[in-house]
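Take a look at the structure below.
In our numbering, the protein residues as written are 981 to 1047.
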């Protein structure tokens, strides 16, 4: 995640880690909350979505995840 430098990303929280035998012993489902904020302007959907996609692209290779 250090490769992602977004001025609008203020906080990342892990809300839940779900494990299940159906997922396998080395797989988990994570629920993450991203807080975006700008002191300069009201953020529009396109700005948030662009930042969110950048975060997802950075996370996928690190976690071998499916989003």
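Glycine is no exception: its CB is placed at the ideal position from the N, C-alpha and C atoms. Bear in mind that the values here come from a model prediction, so they are computed numbers and not experimental data.
Whose CA, out of the options, lies closest to the CA of residue i?
i, options, result
"residue 985", "1038, 995 and 1044", "1038"
"residue 1044", "1006, 1002 and 999", "1006"
Tell me the DSSP secondary structure of residue i in three-state form.
i, result
"residue 1029", "helix"
"residue 997", "strand"
"residue 1043", "helix"
So, using beta-carbon positions, are residue i and residue j closer together than 9 Å?
i, j, result
"residue 990", "residue 1013", "no"
"residue 1022", "residue 988", "no"
Would you say residue i reaches chain C, if we count a Cβ-Cβ gap shorter than 9 Å as a contact?
i, result
"residue 1038", "In the displayed structure, chain C is absent; only one protein chain is listed."
Beta-carbon within less than 7 Å of residue i's beta-carbon, same chain only, minus the 5 sequence neighbours each way: which residues are those?
i, result
"residue 997", "1008 and 1010"
Return the first residue and the last residue of the beta strand (DSSP E) that residue i is part of.
i, result
"residue 1013", "1009 to 1016"
Under 8 Å Cβ to Cβ from residue i, same chain only, skipping five residues before and after it: list those, please.
i, result
"residue 992", "981, 1012, 1013, 1014 and 1015"
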